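Remarks on the structure that follows.
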Amino acid sequence: EQAWNEVADKFQGANLYMKNLDYSIDDDKLKQLFSQFGSITSCKVMRDPNGISRGSGFVAFTTPEEASRAILEMNGKMVVGKPLYVALAQRKEVRRARLQAQFSQIRPVAMAPSVASRMPMYPPCGPGHG
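When we follow the UniProt record's numbering, the leftmost residue of the sequence shown carries the number 1, and every step to the right adds one.
Below, the structure is given as structure tokens:
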């Protein structure tokens with residue numbers, strides 16, 4: 001666990017997550033797609049137990065600057081007819097904590113009474129009729 005955290009910290013800001021990959025893209029093709037942005041230390045397409053692509057993967061660069069350039073150039077780019085999603089990779093617990101923080105900020109707004117409940121209610125035919 002600690003060794004994994006040290007490795008993750010070392011690549012913080014330089015490790016990218018991508019999704020919406022076409023199923024024809026393997027590790028080598030992924031590396032080819034991203035190698036123009038800098039030196040890649042690791043590259044992996046995620047696969048299910050049967051070896052079938054999950055349509056997502058990771059690319060780790062040597063510097064955060066290279067990773068940032070790759071995000072700017074590749075996020076939203078059409079690759080094999082699909083728009084690619086590219087962002088900085090986050091460890092699951094970090095992502096979960098960030099999402100929970102965002103959700104707790106949004107929730108009070110969602111629970112506020114709706115605008116419709118503050119509008120005066122009129123009979124179906126409207127005021128002044130009848």
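The beta carbon of each residue, even a glycine, is placed where N, CA and C say it ideally should be. Everything numeric in this text was worked out from a predicted model, so none of it was measured.
Taking residue i as the reference, give the member of the options with the closest Cα.
i     : options                        : result
ARG91 : ARG69, ILE71, LEU72 and PHE58  : PHE58
GLY13 : GLY51, PRO49 and SER68         : SER68
ASN15 : ALA101, GLU65 and ARG98        : GLU65
ASP26 : VAL45, ILE40, LEU33 and GLN36  : VAL45
SER39 : ALA70, ALA89 and GLU93         : ALA70
PHE61 : LYS77, GLY51 and THR41         : THR41
PHE37 : GLU73, ARG98, ARG96 and PHE103 : GLU73
ALA87 : GLY76, ALA97, ARG96 and PRO49  : GLY76
What residue range is occupied by the uninterrupted alpha helix (DSSP H) comprising residue i?
i     : result
PHE58 : From DSSP, PHE58 is part of no alpha helix (DSSP H) but of the beta strand (DSSP E) over 53–61.
LYS77 : No alpha helix (DSSP H) contains LYS77, which DSSP labels as neither H nor E.
Indicate the three-state DSSP secondary structure (helix, strand or coil) for residue i in the structure shown.
i     : result
TRP4  : Confidence in TRP4 is poor, its pLDDT being 49 and thus under 50, which makes the residue's placement unreliable; the coordinate value appears in the next sentence. Looking at TRP4 - three-state DSSP - the assignment turns out to be helix.
ILE71 : helix
ALA87 : strand
LEU16 : strand
Which residues bound the beta strand (DSSP E) around residue i?
i     : result
LEU33 : That residue, LEU33, is in no beta strand (DSSP E); its alpha helix (DSSP H) goes 27–34.
SER42 : 40–47
Tell me whether the segment 68–84 and the segment 16–23 touch, counting them as touching only if at least three CB pairs, one residue from each stretch, are closer than 8 Å. yes
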